[in-house]
Amino acid sequence: MDGEASGGFIKDDGTADLTSIRHYLHENPELSFHEYRTTQFLRSLLAQWGIRLTDTGLGTGLAGMICGTQEGNADAGDPCVALRADIDALPVTEEVSPGYASHNKGVMHACGHDIHMAALLGAAYYLSHHTDTFAGRIIILFQPAEELGEGADAVIASGAVDDADAIIGIHNNPDMKPGEIAVGSEPIMAGCLRFRVSLHAQGSHGARPDTGTGPIEAMAAMVQSLQTVVSRNIDPFHPAVVSVTSVHAGNVWNVVPPEAYFIGTVRTFYSADEELAIKRFNSIVQNTAAAYSIGADVEWEHLSEPLAGDKVLSDAVAGDVPRYAELVPVVPSMVGEDFAQYGTKAPMVFAFIGSNGEKGHYPWHSPRFTALDSCLDTAAQFYVNSAQCVLKELGAHNRLSPMA
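Here's what the structure looks like:
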């Protein structure tokens, strides 16, 4: 991948060739904060299309600005909407050969960010060539490092979305069929916490455990007891998850180790549930440690907030969807998405875009994950039409004009 987008990926009918763009990006995935050639490719296309670009200063990712002309040239006082797509891939070895499989061994767009990029490029091309269909300003934002849960915060710190009055994002959803869109103001993706519990004890010979206070029994008790955080504390009508995903202790068969640790994640849809889960989690760990006469430290890392769209803007966008796609109910996902962090800057609209829906399909992050090309047009249309709709709602009074 040389990063240069020769020919501009424009079809004979004058529209962006979203399928070719998507295949090119899928063949050339890059990991979080290392999306250098991906960024160069995106920059090359946007520049060819005459879109004014802004360097975020992050090394990867970029932003562009398109100004509407429906009511004259846009200025700094006009409403501004940001359209965001994430650009990073995963450390996964692809196990399918769709004809455009990854060329980078051990790296794959296993979460469909190639779909998001291609769709936003298609929207950017359309909007830049139809500025008379909206009034106001639209930021085209390509964000790095969503998979690390760090990219959105980095973009916010860069100032790239300081002017945004609203921010719109999507994620492809393989549980839904192409042509289906789910958008609303109810929680759609969970808040994400990562934890590490470190246990400190006195080791001993395996033949004389009575001479130590080994951590393994305490760790086993904690792992079991932590499952009551949800079942005995969280409202049963509020989805929540506590998952211990990895445990570590010792490396010799006849020695009780002095140290152990386990890691995992907590997911919730409501801030109050998150606070309660952390409180009960910490209490269980410390009380169990005391019962086994060992020490314990709990470290928390907050990766993303629960994701829920602004009610007024999300309802307006949802009301517009049936003009060009099938609106389906939101089925919340316990997966986290750092797009939620943009809610600290501006109201959000977020949608699931159907990308497969076939029986036996594989989920996000699977080496056999497959998103269908047929979802691209709907995704691009959502970016375009939701931007126009939100600008109108914010007061730009543009006429809604669906992407041709």
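Per full-length UniProt numbering, residue 1 is the first one in the sequence shown, and the count goes up by one each step. C-beta atoms are modelled at their ideal positions from N, C-alpha and C, and glycine is treated no differently. What you are looking at is a predicted structure, and each value in this text was computed from that prediction instead of being measured.
Of all C-beta pairs linking the region 262-282 to the region 242-251, three or more are shorter than 8 Å, placing the two stretches in contact. Nearest to Q70 by C-alpha distance, out of A182, G357, T133, is T133. In terms of CA proximity to T60, S158 leads the group T93, S158, G77, A135.
Boundaries cannot be given for V335, as no beta strand (DSSP E) includes it and DSSP labels it neither H nor E. Looking at the backbone, the Cα of G151 and that of I170 are separated by about 15 Å.
No Cβ-Cβ contact shorter than 9 Å links A371 with G122. Residue V81 holds the alpha-carbon nearest to the alpha-carbon of K392 among D75, V81, W49. Below 8 Å, enough C-beta pairs join the region 99-112 and the region 24-31 to call them touching: three or more. The beta carbon of F195 is closer than 8 Å to those of I263, G264, T265, V266, F281, V298, E299, W300, E301 in its chain, skipping five residues each way along the sequence. Between R137 and I168, the alpha-carbon positions lie close to 13 Å from each other. With 16 or more other CB atoms across the displayed protein chains lying within 10 angstroms of its CB, V197 is buried. Judged by DSSP secondary structure, G264 falls within the beta strand (DSSP E) whose first and last residues are 259-268.
Between the alpha carbons of P187 and V335 lies a gap of roughly 12 Å. In this structure the region 348-360 lies against the region 368-386, because at least three pairs of beta carbons, one per stretch, are closer than 8 Å. Shown here, C389 sits in a helix according to DSSP, grouped into three states. Here H171 carries a strand assignment [DSSP, helix/strand/coil]. G343 carries a helical assignment under DSSP once its states are collapsed to helix, strand and coil. DSSP, reduced to helix, strand and coil, places S246 within a strand of the structure shown. The DSSP-derived three-state label of H23 is helix. Across the structure, A190 and E147 are spaced so that their CA atoms are roughly 14 Å apart.
The beta carbon of N104 sits closer than 6 Å to the beta carbons of P29 from its chain, once the five residues preceding and following it are set aside; these are given in chain order. With contacts defined by Cβ atoms closer than 9 Å, T38 and A118 do not form a contacting pair.
The C-alpha of V285 is placed about 47 Å away from the C-alpha of Q40. Under the three-state reduction of DSSP, C375 is assigned to helix. Taking I10 as the centre and dropping the five residues before and after it, the same chain places the C-beta of A16, D17 closer than 7 Å to its C-beta, in chain order. When the Cα atoms are used, S333 and G184 turn out to be separated by approximately 14 Å.
The beta carbons of G179 and T378 sit about 6 Å from each other, so the pair counts as a contact at 8 Å.
In the three-state reduction of the DSSP assignment, S355 falls in the coil class.
Taken atom to atom, the span from the alpha-carbon of V230 to that of E275 is near 12 Å. In this structure the region 249-257 lies against the region 213-223, because at least three pairs of beta carbons, one per stretch, are closer than 8 Å. Between P367 and T93 the beta-carbon gap is near 6 Å, inside 8 Å, which marks them as a contact. Here the alpha carbon of A124 sits roughly 9 Å from the alpha carbon of G64. D315 carries a helical assignment under DSSP once its states are collapsed to helix, strand and coil.
Counting of Cβ neighbours within 10 angstroms places T228 among the exposed residues, the total staying below 16. Counting of Cβ neighbours within 10 angstroms places K311 among the exposed residues, the total staying below 16.
Taking L313 as the centre and dropping the five residues before and after it, the same chain places the C-beta of A166, P347, V349, V390, E393 closer than 7 Å to its C-beta, in chain order.
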